[in-house]
Amino acid sequence: MHEMSLAMSIVDLVMEQSTREGEVDRVSEVEVEVGNLAGVLIDSLEFCLEAAARSTLLEEANFKIIPTMAQGECPSCRASFEVASLYAVCCHCGAAGVTISGGQELKVRSFVIEEK
Amino acid sequence: MCDSCDCGSHGESVIISKPGADHKHSPTHSRTVQLEIDVLAKNNEIAARNRAFFASKGILALNLVSSPGSGKTTILERTIGDLKGQIPLAVIEGDQQTLRDAERIEATGIEVVQVNTGTGCHLDGEMIHRAMHQLTLEQDSILFIENVGNLVCPALFDLGEAAKVVTISVTEGEDKPQKYPHMFRAATLCLINKIDLLPHLDFDVAACRGFARQVNPELEFIEVSATSGEGMGQWYDWLRTRCI
Ligand SMILES: Nc1nc2c(ncn2[C@@H]2O[C@H](COP(=O)(O)OP(=O)(O)OP(=O)(O)O)[C@@H](O)[C@H]2O)c(=O)[nH]1
Ligand SMILES: [Mg+2]
Ligand SMILES: [Zn+2]
Ligand SMILES: [Zn+2]
Ligand SMILES: [Zn+2]
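The listed protein sequences derive, respectively, from chains A and B. Note that the first sequence covers residues 0 to 115 in numbering that gives the first Met the number 0. Note that the second sequence covers residues 0 to 243 in numbering that gives the first Met the number 0.
Set out below in structure tokens:
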């Protein structure tokens, strides 16, 4: 699935950035933020990251996946709460048409390099 | 993520960290580099360049998505047959393997490029950029991009299109929008295809529209049959109003 191409993008991105950091021995950690509505399976992404990192500076990197949750706001009772799907209804009054924000994040927050 | 419970925020408990400071035996020195870069940033950048190119030539680029077999290529064949000579048209065909769909389009007499993605399950901005170089794209034309039959990742990868057109056929479940909400949210138009088969099925068109509108209140619908031609006129009107 697309987790493989996302994993390759993540590895490429970190490789590209790390070349700007001077004498890098290896990358030991990468922090990736994944929203719960980003359409990404975390297990599958983790698996693909390991495969994509093979024979690169990231080979031994620990990939930290930080899940973030989308927030919903109820159009009728104004409650706000975490939502797990685009079909969320208000968990307080049951109203539909919840306004959803966030949860679509898919980004590399930071990485740790080991310098010689 | 977790075998024993469904709780959505469980992820945090499975993070196994190895902070750099613990590398006592390592002869290296760790340093954290802050990045905050969207993983799709590179694709989005290329897509934005494609979009600017299309805009500069008045080209209407449409990203056609659906599950495998909903009728994208058949819709294109009929559309080309009916609009050829009125509006300049070109097609980019995305499939994992084979030239079959491109050959079907080629037979209609318009220019087509096939992109084979191999094991990849979607087209991306760079593939479209490369395919564009193989086409003589005319001023004020329509470029149809038939994506790989898949409702999951094509929703994530911007190609630079003006709009995504999602096709669902009445031989599929009317709950497709609930199963693939991201795509129905990202689409501008939904073609409900194979309506010639409705008398033989119990597909609930109203329910299907309702499910899709829940995630995308603005979504437009046109019911068509690519084989009988029913409803296709409305689709052509939609294309014409978008063209100018
Ligand atoms: N009855 C009926 N059959 C249709 C219609 N449109 C397409 N089909 C049939 O559906 C099958 C699949 O059509 P395609 O046009 O190849 O579908 P596609 O979406 O391009 O498929 P992929 O490219 O493999 O994802 C073919 O056998 C078509 O003849 C329609 O309006 N009515
Ligand atoms: Mg096809
Ligand atoms: Zn409420
Ligand atoms: Zn894909
Ligand atoms: Zn170019």
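Every residue gets a Cβ at the ideal spot worked out from N, C-alpha and C, and that includes glycine.
Task: For residue 2 of chain A, the first and last residue of its enclosing alpha helix (DSSP H) - done: For this step, residue 2 of chain A is matched to residue 3 along the first sequence. It spans 1-17 - the alpha helix (DSSP H) in which residue 2 of chain A sits, taken as one unbroken run.
TODO: Determine which residues of the segment 92-105 of chain B have a Cβ less than 9 angstroms from any Cβ of chain A, and write them out in chain order.
DONE: Cβ contacts with chain A come from no residue of the segment 92-105 of chain B.
- [ ] Give, in chain order, every residue of the segment 34-46 of chain B whose Cβ lies closer than 9 angstroms to some Cβ of chain A.
- [x] Under the 9 angstroms Cβ criterion, the segment 34-46 of chain B contributes 34, 35, 36, 37, 38, 39, 40, 41 and 42.
Task: Distance between beta carbons of residue 211 of chain B and residue 144 of chain B, contact taken as under 8 angstroms - done: Your numbering for residue 144 of chain B matches position 145 in the second sequence. Your numbering for residue 211 of chain B matches position 212 in the second sequence. No, residue 144 of chain B and residue 211 of chain B are not in contact; Cβ-Cβ is about 21 angstroms, not under 8 angstroms.
- [ ] Could you pull out every residue in the same chain whose Cβ sits closer than 8 angstroms to the Cβ of residue 94 of chain A, ignoring the five residues on either side in sequence?
- [x] Reading the first sequence from its first residue, position 95 is the one you call residue 94 of chain A. Here the set comprises 73, 74, 75, 76 and 88.
Open item on the list: Rounded to whole angstroms, what is the Cα-Cα separation between residue 30 of chain A and residue 117 of chain B?
Closed with: On the first sequence, position 31 is the one that residue 30 of chain A refers to. On the second sequence, position 118 is the one that residue 117 of chain B refers to. Residue 30 of chain A and residue 117 of chain B have their C-alpha atoms roughly 29 angstroms apart.
Task: Chain-ordered residues of the segment 52-80 of chain A with a beta carbon less than 8 angstroms from chain B - done: When CB distances to chain B are screened at a threshold of 8 angstroms, the residues of the segment 52-80 of chain A falling below it are 61, 63, 64, 65, 66 and 68, in chain order.
Open item on the list: Counting C-beta neighbours from all protein chains within 10 Å, is the total for residue 28 of chain B 16 or more, i.e. buried, or is it exposed?
Closed with: Along the second sequence, one-based indexing puts residue 28 of chain B at 29. Exposed, by the Cβ-count rule.
Open item on the list: So for residue 39 of chain B, helix, strand or coil by DSSP?
Closed with: Position 40 of the second sequence, counted from the start, is the residue given in the question as residue 39 of chain B. Assigned with DSSP and collapsed to three states, residue 39 of chain B falls in coil, not helix or strand.
Open item on the list: Counting only beta-carbon separations shorter than 8 angstroms, does residue 107 of chain A have a partner in chain B?
Closed with: In the first sequence, residue 107 of chain A corresponds to position 108, counting from 1. Yes, because at least one Cβ of chain B sits closer than 8 angstroms to the Cβ of residue 107 of chain A.
Task: Per-residue contacts from residue 48 of chain A into chain B (C-beta, under 8 angstroms) - done: Sequence index remark: in the first sequence, residue 48 of chain A carries index 49 (1-based). Residues of chain B passing the Cβ test: none, with the nearest at roughly 11 angstroms.
- [ ] Answer yes or no: the CB of residue 88 of chain B versus the heavy atoms of ligand 1, is any distance below 7 angstroms?
- [x] Residue numbering aside, residue 88 of chain B sits at position 89 when the second sequence is read from its first letter. Flag unset: Cβ of residue 88 of chain B not near ligand 1.
Open item on the list: For a quick check, are the C-beta atoms of residue 140 of chain B and residue 88 of chain B less than 8 angstroms apart?
Closed with: The residue labelled residue 140 of chain B in the question sits at position 141 within the second sequence. The residue labelled residue 88 of chain B in the question sits at position 89 within the second sequence. Yes; because the gap between Cβ atoms is below 8 angstroms, this pair is in contact.
Task: Helix, strand or coil at residue 24 of chain A [DSSP, three-state] - done: Position 25 of the first sequence, counting from 1, holds the residue named residue 24 of chain A. The answer is strand: DSSP assigns residue 24 of chain A an E or B state.
Task: Chain-ordered neighbours of residue 152 of chain B on chain A, where CB pairs are closer than 9 angstroms - done: Numbered from its first residue, the second sequence carries residue 152 of chain B at position 153. What residue 152 of chain B touches in chain A, judged by beta-carbon distance under 9 angstroms, is 0, 1, 2, 4, 5 and 38, going in chain order.
Open item on the list: Between residue 135 of chain B and residue 110 of chain B, how many whole angstroms is the CB-CB distance? I'm expecting something under 8 angstroms.
Closed with: By 1-based counting over the second sequence, the position of residue 135 of chain B is 136. By 1-based counting over the second sequence, the position of residue 110 of chain B is 111. At roughly 7 angstroms, the Cβ-Cβ gap stays under 8 angstroms, so residue 135 of chain B and residue 110 of chain B are in contact.
TODO: Go through the residues and name those whose CB comes closer than 5 angstroms to any heavy atom of ligand 4, in chain order.
DONE: Neighbourhood of ligand 4, defined by CB distance below 5 angstroms to any of its heavy atoms: A:1, B:120, B:121 and B:152, in chain order.
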